[in-house]
Amino acid sequence: MYCKLLSAIVFGVEGRLIEVEVDIAAGLPQVNVVGLPDPAVRESIDRARAAIQNAGMKFPLDRITVNLAPADMRKQGSAFDLAIAAGILCASGQMRQEELDKALIIGELSLNGEVKGVPGVLAMAENARAAGLRRIFVPPASAHEAGLIEGIEVKSVSSLADWIRGPSGMGAALLSSTDPDEVREPVIGASPDLADVSGQLQGKRALLIAAAGMHNLLFLGPPGTGKTMLCRRLPSLLPPLADEEALEVTKIYSVSGKFPGARAGLIRERPFRAPHHTISTSGLIGGGTVPKPGEVTLAHRGVLFLDELPEFGRNALESLRQPLEDRHVTIGRARGVARFPASFMLAAAMNPCACGYWGGDQTEQPCTCSVGSLARYRARMSGPLADRIDLQVEIPRQPVSFGGGGMTSQEARNRLSVAYERQRRRYVDAGIRWNSELSGRMLAVHARLASDAEALLAGMYGRLGLSYRAHDRILKLSRTIADLEDCDDVRLEHVAEAVQYRALDRQMPGYEPEAIREKRAAPGSVGPSAAQESDRTAKGRKVLGT
C-alpha cells in the first residue's frame, strides 16, 4: 500500500513543501526513512509508533519505507511527525485519505498522541497558500498563527486519536478562525520616551534625522553623557510597520521560535535588538549547520543597537559591512544556500578612547590613554565600517540639569510624520520606502542639488578625504533633512548640516587626530604625561594595597 501527503519545513525564513511518501510492503518488520533526514526526523518513527498504539490503532508489522521528497534537501526538525503517522495509517488502510489530499500537515507528536506546536508555522502556511493549498492541519498552539494567513482553512488537531475520528467520519477536527476582535498587537519591547533625556539638543536632532530616513547612526562621547539613552528611544520615534513589513517581521520571529503567543496578531512595532558585545559572528549574522537567523535578521525593518561598539569582536563588526550595503545576508552550506532579510538601521554608541575621556575637558577628567592605546582602540572600528554610518555625532558632557527633557516622543513623531509622508508619496511605485535606500539613478533624480550646494559638497569631498560611498550618503542625508523641513529642493543649508555629521571620519583609522599629533610633537612624550603616569601608578598601588 502506498500513500503520499504534504508537510513542510523552514529553510532560511521561507517555508518549503515536502512530500511525505509512505510505502508498506511484505517483509521483515522494519522502518526506513530516506531523503536526507536528520536525527530528529529519524526519531519521528519511534514517536509515531507510540502515538499510533496509544491512540488505539495498530502499527503495521511490515517493511515500511518513508521517503521525504525532494530527496536532495536536508530535512530537520519534528514538524513531520503528524504527517508520517497519518501516512502510515492511510497506507495500512486504517485512515481515509480523502480529506488529506492537497492539505498541509504539520505537528510534533508526543508518545501519548498529543500534537505539539512547532516553530515557523506562519512561513509554512504562507508557502502553502502560494502553492495553491487551501487546507492546513496544525497543532492547537499554532492554529492562531496559521490563521493570520488569509485564504487558507486552518484545522486544529489536538491529538492523533481525535484526528483519526475526524477523517473517518466519527468527528471533525476543530476549525480555527482568526477573530479580529480577539487579536492583540504584540509588543516586542516598551520604548521609553524622548523627554527622559535632558539637554543634548544636537544628539536629539541627529536622532530625528536618523529616524526620518532610517539612516545609520553613531554617538561618540565620554561615559554617562546619554548616548545609550538616546539610542534606546529610537523605536518610540519610528512609524508602525506596514502590512507587508509586518508579515515579514512576524514570519522571522515565527521561524526563530519567538512568536509572541496565542491570540497575537502581526507584529506592528519595529524591532529593537541590542545584543551584548560578547556575541559571536554567527549569532550576529546568522549561521549554523542548519542556517538560522541572526540578530541582523531579527532587527529587520527595525533597529540594531550596538552599545560599546569597539568592544565587539573584530570579525563580528566587519561582517556587518555586507548586510549594511545589500540589506540581506546570504549563508552558504554544503546542502544549500539560505538568504535572510537584513534591512535594518544600525545605531551604535562608543567612547572616544579606552578610558573614555579623550577630547573632553582635561582639567576635570584627564585622558590617561597613550598614543598607541588610543590608536589601537580606534582601530577596532575599521574605516570601511565607519564609512557606512551616515551620522557620526559627538555627545559632550553637560552640566547637571533637573529640568524637563523638552520634546516628547509624541511631539517628535508629529514632526517626523511630514518626512514619512513625503517619502511615502515619492517612492510609492519605486519599490523602496526610505531615503537611505536610494541608489544609482534614483539618487541622482531625487537628491539633485542646487549649484551652491553642489559646490560645497565637491569642496568637502576633497578636504575631508571622503569616499564616493560617503559622498552618496551625504546626498541621502541631505534629502532627509530637506524632507524634515518640508522642502522640495535640497538646498545649501541641508548639505552643510549633512556634511557636519561626517566630521568624525577624520578621527577614524587612516586619519591622525590633532590631539594625537600634539602628543607625538611634545618633547620626550611617548604616552601620557609624567604627572598622569604618576597619578595612575599611585591609584594602582592604592587598589593593590601597596
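Numbering (this note's numbering), first residue to last: 1036 to 1581.
Quick reminder that beta carbons are idealized off the backbone N, C-alpha and C, glycines included.
| Item | Value |
| --- | --- |
| 8 Å contact criterion, which D1588 and S1444 should meet: CB distance rounded | The shown model of the chain, from 1036 to 1581, leaves out residue 1588, and the question about it has no answer. |
| Straight-line Cα distance separating L1501 from H1363 | 26 Å |
| Beta carbon of V1156 nearer than 7 Å to that of E1180 | yes |
| Assigned exposure category for N1350 - 16 Cβ within 10 Å defines buried | exposed |
| Inter-residue Cα distance where the pair is R1164 and Q1535 | 50 Å |
| Where L1359 falls, given that 16 or more other Cβ within 10 Å makes a residue buried | buried |
| Counted within 10 angstroms of its Cβ, other Cβ atoms place R1308 as buried (16 or more) or exposed | buried |
| Completely contained alpha helix (DSSP H) runs for the segment 1378 to 1451, where each covers 4 or more residues | 1406 to 1414, 1418 to 1422 |
| Beta-carbon proximity of D1524 to R1457, cut-off 7 Å | no |
| Exposure label - G1575; buried when at least 16 CB within 10 Å | Per-residue confidence for G1575 stands at a pLDDT of 35, beneath the threshold of 50, marking its modelled position as unreliable; no derived number is given. |
| C-alpha gap between F1094 and A1083, whole angstroms | 9 Å |
| A1454 burial status per 10 Å Cβ neighbour count (16 or more: buried) | buried |
| Cut-off 7 Å between Cβ atoms - residues of its own chain near D1422, not counting five sequence neighbours on either side | S1502, R1504, A1505 |
| DSSP-derived helix/strand/coil call for R1461 | helix |
| E999 vs A1158 beta-carbon contact at 7 Å | Because the chain is modelled from 1036 through 1581, residue 999 falls outside the range shown and cannot be assessed. |
| Three-state class that DSSP yields for S1194 in the structure shown | strand |
| Test item: CB-CB of E1532 and I1516 under 7 Å | yes |
| Secondary structure of T1332, DSSP reduced to three states | helix |
| Alpha carbon of P1174 to alpha carbon of A1120, nearest angstrom | 14 Å |
| Buried versus exposed call for E1133 [16 or more other C-beta atoms within 10 Å across all chains shown] | exposed |
| Cα-Cα separation, R1170 to I1187 | 6 Å |
| Whole alpha helix (DSSP H) elements within the segment 1120 to 1202, 4-residue minimum | 1156 to 1165, 1175 to 1181, 1195 to 1200 |
| 6 Å Cβ shell around R1552 - same chain, five flanking residues per side excluded | Note that R1552 scores a pLDDT of 47, beneath 50, so its modelled location is shaky and nothing firm can be said. |
| Coil, strand or helix - I1099 by DSSP | strand |
| Where L1492 falls: helix, strand or coil (DSSP) | helix |
| Where L1063 falls: helix, strand or coil (DSSP) | coil |
| Backbone CA spacing between P1270 and V1530 [nearest angstrom] | 26 Å |
| With 16 other Cβ atoms within 10 Å as the buried cut-off, status of G1261 | buried |
| Supposed close pair S1042, I1140 - CB separation, criterion 8 Å | 5 Å |
| Proximity of A1012 and L1144 at Cβ, strictly below 7 Å | Nothing about residue 1012 can be read from this structure; the chain reaches only from 1036 to 1581. |
| Beta carbon of S1291 nearer than 7 Å to that of P1328 | yes |
| Beta-carbon contacts of V1561 that lie in its chain and below 8 Å, excluding the five residues immediately before and after | Because V1561 sits at a pLDDT of 41, beneath the cut-off of 50, its placement in the model cannot be relied upon, and the point is left open. |
| Interface flag, M1495 vs chain D, CB-CB below 7 Å | This model lacks chain D altogether, as it is built from one protein chain only. |
| Beta-bridge pairing of R1044 - partner residues as DSSP gives them | At residue 1044 the sequence reads Ile, which differs from the Arg that was named. Answer is R1051, bridged to I1044. |
| Candidates D1073, T1263, V1066: closest to D1097 by CA position | V1066 |
| Minimum C-alpha distance to R1468 - residue among G1321, E1279, I1123 | E1279 |
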